[in-house]
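A short write-up of the structure that comes next.
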């Protein structure tokens, strides 16, 4: 193997891609609901819009469209974080999330672009089950995951440019440059032939953690990046133990069910799954924000598409777990929106802007809802 | 091959900043993870009809405040789109938008003759 091939295709502990994928998807769900949805009322005002890319320019997204896309993306992302992800679902999440921010310059948060790049990498991640990533033995499973190395390189490129622009402006650049170097070498730490790097890699986590604690940043970027750094740089054994503890209930449940065994296709699984797919999006009726019902319904349709033949031909409980994860996503959306100020902020922002524009009807509608959901 | 293309693209996209006409457009460049506060500008707009009549446009009444801020910062894509949108009304010959800013940007006027794609930018005064 040539050195470059060794770099991209060498072994990594499978716990890393497993945990990174789920961490980012889980956080992304709450990020879209808590940080993006409250600004949805900006969309469609005055039928004016400028998109990030010229091919979108003729399209004016309404707030219902924007919220629908975010609800779809968030629920699907959380459902994939909760249960074994499916590649088609990751493609849909990447498409939905990218559509969400790229349809308008109103969302110009720099890290949303980074998350789209991450999601693109995730499409090529191995769709690991907990059992595959965390074996029963104490030995952490390893394998070649080029997409995970690409994920690390993507992160390194981001830090490289932060450092380069800082240097160009005469500012301190050593910390982001240290982050860049750290990510470039971190993906090699699990290789048997590099024991010294395995010892040193965890120390490198200090660079990104310090950078994201010290540098001013927008939104939840520090949470994403510190979480990712902890997974990427943690010693393999720690990560393996952590992952095993985290996934123990799920693994036990799956194992018990497998042993109990529905070895042939049980019709009740099929009907229960279908019923679940119909009922889960109904939870969104209680959210009371435009577009969310449509978004959740589309998520159920996407889930049906993802399950495909599995729904009918898999002689196990897997379809039910998928539907349960969809339920989890819809419930989490409802609880998040009702327990936070997201819904109030959405209506309040809408009322303030409609007032400013002298749109009394819209202002009254927004204010009525804002009063209803005031904290 | 796919990996190389993806990595190359990520390296090249931030470099496009160096060729961008609009220095305020820092998207996809990693120039800042926390966008700096935009200069405060006072924006006014007017349109001229074919019959020679001039009319003031109240920018704040037409679009969301975030777009008003973009227009005030002189983001070319938004300014051009806004002016083109005003041209969609009947009988409009040309539209002008003026940004009076406190900082180094001074006063900038953007003039679009309807039917055109891009507004002509004029720096009227600049405080140094």
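Residue numbers (this note's numbering), protein chains in the order written: chain U, 1 to 375; chain H, 1001 to 1128. Where a beta carbon is used, it is the ideal one built from N, C-alpha and C, also for glycine. Every value quoted in this text rests on a predicted model; they were computed, and no experiment measured them.
To which residues of the same chain is residue 213/U closer than 8 angstroms at the C-beta, ignoring the five residues directly before and after it? Here residue 213/U refers to the residue found at position 213 when the first chain is read from its first residue. Only 222, 226 meet the Cβ criterion.
Secondary structure of residue 1108/H, DSSP reduced to three states: Counted from its first residue, the second chain places residue 1108/H at position 108. Residue state, collapsed to three classes: strand.
In the structure shown, what three-state DSSP assignment does residue 1043/H receive? The sequence position of residue 1043/H within the second chain is 43, counting from 1. Of the three classes helix, strand and coil, the one that applies to residue 1043/H here is strand, per DSSP.
What residue from 274/U, 360/U, 48/U, 83/U has the CA that sits closest to residue 304/U's CA? Within the first chain, residue 304/U is the residue found at index 304, counting from 1. The candidate whose alpha carbon is nearest that of residue 304/U is 274/U.
Under 9 angstroms, Cβ to Cβ, is there at least one residue of chain U near residue 1097/H? Walking along the second chain from the start, residue 1097/H turns up at place 97. Not one chain U Cβ lies under 9 angstroms of residue 1097/H.
In the DSSP output, which residue or residues are listed as bridge partners for residue 144/U? The residue given as residue 144/U occupies position 144 in the first chain. Paired residue(s): 11/U.
Contact list for residue 1060/H against chain U, beta-carbon separation under 8 angstroms: Counting from 1 along the second chain, the entry for residue 1060/H is found at position 60. What residue 1060/H touches in chain U: 356, 357.
Going by the C-beta, is residue 31/U closer than 8 angstroms to any heavy atom of the ligand NAD? Questions concerning the ligand NAD fall outside what the structure shown contains, since it holds no ligand whatsoever.
Cβ-Cβ distance between residue 1048/H and residue 1096/H below 9 angstroms: The residue labelled residue 1048/H in the question sits at position 48 within the second chain. The residue labelled residue 1096/H in the question sits at position 96 within the second chain. Contact: yes.
How big is the Cα-Cα spacing for residue 115/U and residue 1009/H? Indexing the first chain from 1 puts residue 115/U at position 115. Indexing the second chain from 1 puts residue 1009/H at position 9. Rounded to the nearest angstrom, the two C-alpha atoms are 16 angstroms apart.
Under a CB-based cut-off of 9 angstroms, is residue 1046/H close to chain U? Position 46 of the second chain, counted from the first residue, corresponds to residue 1046/H. Closer than 9 angstroms: no.
Supposed close pair residue 34/U, residue 336/U - CB separation, criterion 8 angstroms: Here the question's residue 34/U lines up with position 34 in the first chain. Here the question's residue 336/U lines up with position 336 in the first chain. Yes, residue 34/U and residue 336/U are in contact; Cβ-Cβ is about 6 angstroms, under 8 angstroms.
Ignoring anything shorter than 3 residues or poking outside the region 85-150 of chain U, list the beta strand (DSSP E) runs there in chain order. 142-144
Give the straight-line distance between the Cα atoms of residue 1055/H and residue 91/U, rounded to the nearest whole angstrom. For the purposes of this step, residue 1055/H is identified with residue 55 of the second chain, where counting begins at 1. For the purposes of this step, residue 91/U is identified with residue 91 of the first chain, where counting begins at 1. Going from the Cα of residue 1055/H to the Cα of residue 91/U covers about 49 angstroms.
Exposure of residue 119/U, with buried meaning 16 or more beta-carbon neighbours within 10 Å: The residue you call residue 119/U lines up with position 119 of the first chain. With 16 or more Cβ atoms within 10 Å of its Cβ, residue 119/U is classed as buried.
Would you tell me roughly how many angstroms separate the C-alpha atoms of residue 1053/H and residue 1094/H, rounded to the nearest one? If you number the second chain from 1, residue 1053/H lands on position 53. If you number the second chain from 1, residue 1094/H lands on position 94. Straight-line Cα distance between these residues: approximately 11 angstroms.
Give the interface partners of residue 1029/H over in chain U, defined as CB-CB distance under 9 angstroms, in chain order. Within the second chain, residue 1029/H is the residue found at index 29, counting from 1. Within 9 angstroms Cβ-Cβ: 110, 161, 165.
Helix, strand or coil for residue 1123/H? Go by DSSP, reduced to three states. Sequence index remark: in the second chain, residue 1123/H carries index 123 (1-based). If DSSP states are grouped into helix, strand and coil, residue 1123/H belongs with the strands.
Shortest alpha-carbon distance to residue 376/U belongs to which of 371/U, 331/U, 297/U? A query on residue 376/U cannot be resolved here, the shown segment of chain U reaching from 1 to 375 and no further.
Going along chain H, which residues have a C-beta under 9 angstroms from residue 2/U? On the first chain, position 2 is the one that residue 2/U refers to. Result: empty, since nearest Cβ-Cβ is about 14 angstroms, beyond 9 angstroms.
Roughly how many whole angstroms lie between the Cα atoms of residue 163/U and residue 174/U? The residue labelled residue 163/U in the question sits at position 163 within the first chain. The residue labelled residue 174/U in the question sits at position 174 within the first chain. Near 7 angstroms, if we compare the C-alpha coordinates of residue 174/U and residue 163/U.
Can you give me the Cβ contacts of residue 1123/H inside the same chain, cut-off strictly under 7 angstroms, excluding the 5 residues immediately before and after it? Counted from its first residue, the second chain places residue 1123/H at position 123. Counting only residues of its own chain and dropping the five nearest sequence neighbours on each side, residue 1123/H has a CB closer than 7 angstroms to the CB of 1106, 1108.
Within a Cβ cutoff of 6 angstroms, which residues of the same chain sit near residue 240/U, ignoring the five residues on either side of it in sequence? Taking the first residue of the first chain as position 1, residue 240/U is located at position 240. Answer for residue 240/U: 15, 140, listed in chain order.
Stretch pair the region 1026-1037 of chain H + the region 13-27 of chain U: three plus CB contacts closer than 8 angstroms: no
Taking residue 232/U as the query, report the chain H residues whose CB atoms sit under 9 angstroms from its CB, ordered along the chain. Residue numbering aside, residue 232/U sits at position 232 when the first chain is read from its first letter. Here the premise fails: no neighbours, minimum Cβ distance about 18 angstroms.
Using a Cβ-Cβ cutoff of less than 6 angstroms, which residues in the same chain neighbour residue 88/U once the five nearest sequence positions on both sides are dropped? Translated into positions along the first chain, residue 88/U becomes position 88. Answer for residue 88/U: 306, listed in chain order.
Does any CB atom of chain U fall closer than 9 angstroms to the CB of residue 1026/H? Numbered from its first residue, the second chain carries residue 1026/H at position 26. Yes, because at least one Cβ of chain U sits closer than 9 angstroms to the Cβ of residue 1026/H.
Alpha carbons only, please: which of 220/U, 323/U, 167/U, 346/U is nearest the one belonging to residue 269/U? Position 269 of the first chain, counted from the start, is the residue given in the question as residue 269/U. Here the closest residue by C-alpha is 323/U.
Residues in its own chain within less than 7 angstroms of residue 112/U by CB, not counting five upstream and five downstream? Residue 112/U sits at position 112 when you count from the first residue of the first chain. Around residue 112/U: 101.
Determine the direct distance from the alpha carbon of residue 1035/H to that of residue 216/U, and round the result to whole angstroms. For the purposes of this step, residue 216/U is identified with residue 216 of the first chain, where counting begins at 1. For the purposes of this step, residue 1035/H is identified with residue 35 of the second chain, where counting begins at 1. Cα to Cα, residue 216/U sits roughly 9 angstroms from residue 1035/H.
Just tell me which of 317/U, 338/U, 189/U has its CA closest to the CA of residue 267/U. Looking up residue 267/U in the first chain gives position 267. Taking only the C-alpha atoms, the option nearest residue 267/U is 317/U.
Near-chain H residues of the region 197-216 of chain U - C-beta to any C-beta below 7 angstroms: 215, 216
When Cβ atoms are compared, which residues of the region 175-191 of chain U fall closer than 8 angstroms to chain H? none
What residue does the alpha helix (DSSP H) around residue 1073/H start on, and which one ends it? Here residue 1073/H refers to the residue found at position 73 when the second chain is read from its first residue. Element bounds for residue 1073/H: 1065-1073.
Who are the neighbours of residue 1092/H on chain U, taking C-beta pairs under 7 angstroms? Here residue 1092/H refers to the residue found at position 92 when the second chain is read from its first residue. Result: empty, since nearest Cβ-Cβ is about 16 angstroms, beyond 7 angstroms.
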